[in-house]
Amino acid sequence: MQISGAQMVIEALIAEGVDTVFGYPGGAIMNVYDEIYKQDNFKHILTRHEQAAVHAAEGYSKASGKVGVAMITSGPGFTNAVTGLADAYMDSIPLVVISGQVPMSLIGTDAFQEIDAVGISRSCTKHNYLVTNASDLPRVLKEAFHIAASGRPGPVHVDIPKDVTAEIAEFDYSIELGLETYKPNVKGNPRQIKKAIAAIAKAKRPLFYIGGGVINANAGYEVRELIKKTGIPAVETFMARGVLSHDDKLLVGMLGMHGSYASNMAMSETDLVIGLGARFDDRVTGKLSEFAKNASVIHVDIDPASISKLVNADYPIVGDVKNVVKEMLELSTSINSNKYEPWRETVANFAELHPLVYHEDTDRIKPQWVVERVGELLGDDANISTDVGQHQMWTAQFYPFSRPRQFISSGGLGTMGFGFPAAMGVKAASPDKISINFTGDGSILMNCQELMTAVEQKLPVINIILNNNYLGMVRQWQTLFYDKRHSETDLSVQPDFVLLAEAFGGVGYRVTTKEEFDAALKDAIEKNIVAFIDVVVERLENVMPMVPSGGSLFNMMLLERKEK
Amino acid sequence: MTENSERRVVSVIVVNEASVLSRITDLFSGRGYNITSLTVAPIPESKYSRLTIVTSGSVRVIEQITKQLHKLVPVLKVYEHADLVEKEMALIKFPITESISDITALCQAYNGNIVNVGENIFIAMIADDPKRVDNFLKMIKRYNPKEIVRSGAVALER
Chain A
1 MQISGAQMVI
11 EALIAEGVDT
21 VFGYPGGAIM
31 NVYDEIYKQD
41 NFKHILTRHE
51 QAAVHAAEGY
61 SKASGKVGVA
71 MITSGPGFTN
81 AVTGLADAYM
91 DSIPLVVISG
101 QVPMSLIGTD
111 AFQEIDAVGI
121 SRSCTKHNYL
131 VTNASDLPRV
141 LKEAFHIAAS
151 GRPGPVHVDI
161 PKDVTAEIAE
171 FDYSIELGLE
181 TYKPNVKGNP
191 RQIKKAIAAI
201 AKAKRPLFYI
211 GGGVINANAG
221 YEVRELIKKT
231 GIPAVETFMA
241 RGVLSHDDKL
251 LVGMLGMHGS
261 YASNMAMSET
271 DLVIGLGARF
281 DDRVTGKLSE
291 FAKNASVIHV
301 DIDPASISKL
311 VNADYPIVGD
321 VKNVVKEMLE
331 LSTSINSNKY
341 EPWRETVANF
351 AELHPLVYHE
361 DTDRIKPQWV
371 VERVGELLGD
381 DANISTDVGQ
391 HQMWTAQFYP
401 FSRPRQFISS
411 GGLGTMGFGF
421 PAAMGVKAAS
431 PDKISINFTG
441 DGSILMNCQE
451 LMTAVEQKLP
461 VINIILNNNY
471 LGMVRQWQTL
481 FYDKRHSETD
491 LSVQPDFVLL
501 AEAFGGVGYR
511 VTTKEEFDAA
521 LKDAIEKNIV
531 AFIDVVVERL
541 ENVMPMVPSG
551 GSLFNMMLLE
561 RKEK
Chain B
1 MTENSERRVV
11 SVIVVNEASV
21 LSRITDLFSG
31 RGYNITSLTV
41 APIPESKYSR
51 LTIVTSGSVR
61 VIEQITKQLH
71 KLVPVLKVYE
81 HADLVEKEMA
91 LIKFPITESI
101 SDITALCQAY
111 NGNIVNVGEN
121 IFIAMIADDP
131 KRVDNFLKMI
141 KRYNPKEIVR
151 SGAVALER
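Sequence lines, in order, name chains A and B.
Oh and the first sequence: position 285 is 285 in the UniProt record's numbering, straight run, nothing missing.
Oh and the second sequence: position 147 is 147 in the UniProt record's numbering, straight run, nothing missing.
Below you can see the structure in the form of structure tokens.
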């Protein structure tokens with residue numbers, strides 16, 4: 001059929017089964033928004049900032065496993081969205097972000113709201129397009145969704161000039177994908193998998209190293225099965241929290257810079273690392289030359305460039321984790337789980353020696369307590385998002401996650417301001433679960449305008465602000481490594497978060513005692529409206545344990561024992 | 001890190017489409033890889049182009065370069081050459097007062113010849129292995145070359 005470019009965008013979104021689009025209109029994308037007005041196949045959520053639109057699409061994608069979609073205009077609309085694109089790129093989140101562009105005739109003239117959008121997004125997207133003819137749109141949009149979701153997922157950016165959205169051309173979405181140069185290897189070499197299984201059967205102290213790729217590949221339950229069958233202990237990366245349930249006996253904990261003593265020691269003592277969808281990030285490995293020094297490495301990853309990038313893989317397996325783990329499960333009968341009993345005991349001893357703890361305080365609320373308390377009260381009933389900083393690490397350490405996709409956070413890019421809009425996306429994707437965003441008094445101000453979106457769209461996100469009047473994580477580094485010179489991290493002057501929430505039509509609570517916290521959370525859930533719970537916590541609390549940047553995993557700074 | 005840096009030639013076959021070249025060069029600059037030279041031309045009777053990239057880096061870096069190049073959607077193939085025939089071209093402008101016969105003889109030893117003669121200048125062209133091009137350019141210094149243009153390398157696996 002002959003339709004306009006703008007109509008093609010709508011038809012393609014419908015054909016792709018998109019039910020929610022996050023966005024913000026503007027001059028160059030108006031033709032498409034005019035078509036959005038005329039349809040009721042999908043919901044459009046108007047955020048109050050383009051960055052938030054992309055983060056919301058990320059949250060939606062992370063919670064649902066579907067491709068997230070955001071729509072923005074040219075120039076400043078696009079540049080605002082770049083942070084979201086970069087965030088999605090680092091954390092391999094499948095997105096299609098559609099931006100308007102000035103008309104073809106004005107490109108290159110420094111026109112009003114013109115920017116070289118594809119030039120900017122090239123380094124922070126999996127792929128991008130500038131569409132110069134409406135007749136290219138069906139192919140481009142089909143490719144965009146395919147590329148975003150397949151292989152190592154990631155954001156794809158489609159930039160469409162305004163005149164192309166007005167141009168009439170033939171639309172046929174049943175066309176075949178012509179991507180002959182793009183063929184991700186999903187299968188996993190059977191010989192390599194066999195070799196890996198033989199290596200596991202031979203190892204004395206093997207250790208699963210579970211990364212966020214397991215969640216992206218929807219392989220959580222297969223991985224649980226494999227770990228259960230083999231009886232091998234497992235550590236999770238920050239991005240993989242929830243792959244194993246918190247009460248799984250074989251889960252050692254999170255590893256890395258703020259990982260548990262047991263996890264980091266297990267990684268230092270293992271003789272075989274079984275890496276699944278993990279990329280050996282520097283926040284995980286610490287000093288590379290000391291990382292898993294005595295171990296061989298099995299590395300399963302969909303992205304060949306991730307294998308042996310930082311740590312040499314003795315058994316490289318390129319493929320989709322789900323496929324590879326399924327094959328491993330079939331071959332796993334040759335593995336005798338009893339054999340690892342002494343190793344499991346060693347790991348258990350590590351955990352007993354230095355468990356993940358914090359010191360309770362009778363006068364002030366400890367931030368870790370808040371996370372634990374929400375875990376006790378809500379557990380699996382909540383999806384948990386975070387912003388970036390100390391609160392993020394405490395959440396990863398202390399929340400009792402029980403399933404993949406329960407924990408949504410900005411890992412690779414570490415984007416302050418991610419949490420609230422992402423939590424709205426999570427709520428839109430998963431309305432039956434309570435959407436909690438743990439945030440800090442620094443982070444929340446970076447996208448607090450989204451209160452308006454949450455009120456208007458009835459997305460009752462509960463933002464729990466762990467308020468220490470500091471840019472806490474930077475303050476912690478200044479305390480530990482800069483001789484307590486707290487340069488520009490004191491945030492003593494802050495808005496009244498209760499009034500701020502209420503000014504937008506939400507609800508706010510100021511909490512200074514544990515009783516008040518329980519009451520506020522209960523009330524916020526009952527009111528079912530966007531909330532700020534501003535919790536006054538101990539100001540100088542540090543995230544412990546900590547591996548100083550570039551240090552070895554086995555040289556952790558541990559919590560000082562409390563003097564009696 | 002004290003890994004040895006080596007000169008390598010990488011060929012990349014890409015789909016002929018807008019901005020494909022900048023995707024390649026952005027990848028190099030964004031990831032801190034080095035480009036010594038870059039030559040591009042369409043492959044006859046196909047929708048592909050061939051890029052010949054001369055780069056340098058440790059074994060690990062070169063491996064990353066080939067893997068990251070291969071991840072780009074329009075990239076069909078990446079060859080990291082081990083045994084290859086490699087040629088570079090140079091055009092050299094000489095004053096007409098220099099000895100044409102000497103220079104012609106030299107050029108012929110380096111797969112070249114005189115390609116243009118004008119009123120005040122003449123131009124020589126050679127095409128040879130990059131190292132031999134270096135030698136030639138050293139040697140012809142005594143003939144007072146006015147201008148030298150040198151191409152990037154093109155290469156084919158033996």
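Each residue gets a CB set at the ideal place from its N, CA and C atoms; glycine is no exception.
So, are the CB atoms of residue i and residue j less than 8 Å apart?
| i | j | result |
| --- | --- | --- |
| residue 450 of chain A | residue 420 of chain A | yes |
| residue 38 of chain B | residue 27 of chain B | no |
| residue 165 of chain A | residue 21 of chain A | no |
| residue 146 of chain B | residue 93 of chain B | yes |
| residue 440 of chain A | residue 408 of chain A | no |
| residue 69 of chain B | residue 24 of chain B | yes |
| residue 208 of chain A | residue 302 of chain A | no |
| residue 96 of chain A | residue 158 of chain A | yes |
| residue 474 of chain A | residue 453 of chain A | no |
| residue 117 of chain A | residue 174 of chain A | no |
| residue 223 of chain A | residue 255 of chain A | no |
| residue 80 of chain B | residue 97 of chain B | no |
| residue 136 of chain B | residue 126 of chain B | yes |
Spell out the partners DSSP gives residue i in its beta bridges.
| i | result |
| --- | --- |
| residue 532 of chain A | A:463 and A:508 |
| residue 73 of chain A | Answer is none; residue 73 of chain A lacks a bridge partner. |
| residue 129 of chain A | A:158 |
| residue 42 of chain B | B:49 |
| residue 20 of chain A | A:43 |
| residue 546 of chain A | A:557 |
| residue 439 of chain A | A:465 |
| residue 346 of chain A | Bridge partners of residue 346 of chain A: none, in fact. |
| residue 187 of chain A | A:319 |
| residue 147 of chain A | Note: residue 147 of chain A sits in no beta bridge, so no partner. |
| residue 581 of chain A | There is no way to answer for residue 581 of chain A, as the model of chain A reaches only from 1 to 564. |
| residue 127 of chain B | B:89 |
| residue 267 of chain A | None, per the DSSP bridge assignment. |
| residue 420 of chain A | DSSP output for residue 420 of chain A lists no bridge partner at all. |
| residue 156 of chain B | B:85 |
Just to confirm the assignment, what range does the alpha helix (DSSP H) spanning residue i have?
| i | result |
| --- | --- |
| residue 55 of chain A | 50-64 |
| residue 228 of chain A | 220-230 |
| residue 113 of chain B | Not the alpha helix (DSSP H): residue 113 of chain B falls in the beta strand (DSSP E), residues 112-117. |
| residue 102 of chain B | 100-109 |
| residue 104 of chain A | Element bounds for residue 104 of chain A: n/a, residue is neither H nor E. |
| residue 215 of chain A | 213-216 |
| residue 33 of chain A | 30-38 |
| residue 515 of chain A | 514-527 |
If you follow the beta strand (DSSP E) that residue i is in, where does it begin and where does it stop?
| i | result |
| --- | --- |
| residue 159 of chain A | 155-161 |
| residue 239 of chain A | Residue 239 of chain A -> no beta strand (DSSP E), and no H or E assigned at all. |
| residue 145 of chain B | Unbroken run through residue 145 of chain B: none, as it is neither H nor E. |
| residue 358 of chain A | Taken as a continuous stretch (DSSP letters only), residue 358 of chain A belongs to no beta strand (DSSP E), as it is neither H nor E. |
| residue 209 of chain A | 206-210 |
| residue 22 of chain B | Unbroken run through residue 22 of chain B is the alpha helix (DSSP H), 20-30; no beta strand (DSSP E). |
| residue 2 of chain A | 2-4 |
| residue 276 of chain A | 272-276 |
Count the other C-beta atoms from every protein chain shown that fall within 10 angstroms of the C-beta of residue i, then say buried if there are 16 or more, exposed otherwise.
| i | result |
| --- | --- |
| residue 503 of chain A | exposed |
| residue 446 of chain A | buried |
| residue 253 of chain A | buried |
| residue 399 of chain A | buried |
| residue 458 of chain A | exposed |
| residue 158 of chain B | exposed |
| residue 557 of chain A | exposed |
| residue 308 of chain A | buried |
| residue 8 of chain A | buried |
| residue 50 of chain A | buried |
| residue 482 of chain A | exposed |
| residue 249 of chain A | exposed |
| residue 330 of chain A | exposed |
| residue 162 of chain A | buried |
Q: Give, in chain order, every unbroken run of the beta strand (DSSP E) that is at least 3 residues long and sits entirely within the region 376-405 of chain A.
A: As far as the region 376-405 of chain A is concerned, its whole beta strand (DSSP E) runs of at least 3 residues are 382-386.
Q: Please go through the region 278-311 of chain A and give each complete alpha helix (DSSP H) segment of 4 or more residues, from N-terminal end onward.
A: Within the region 278-311 of chain A, the complete alpha helix (DSSP H) runs of at least 4 residues are 282-285.
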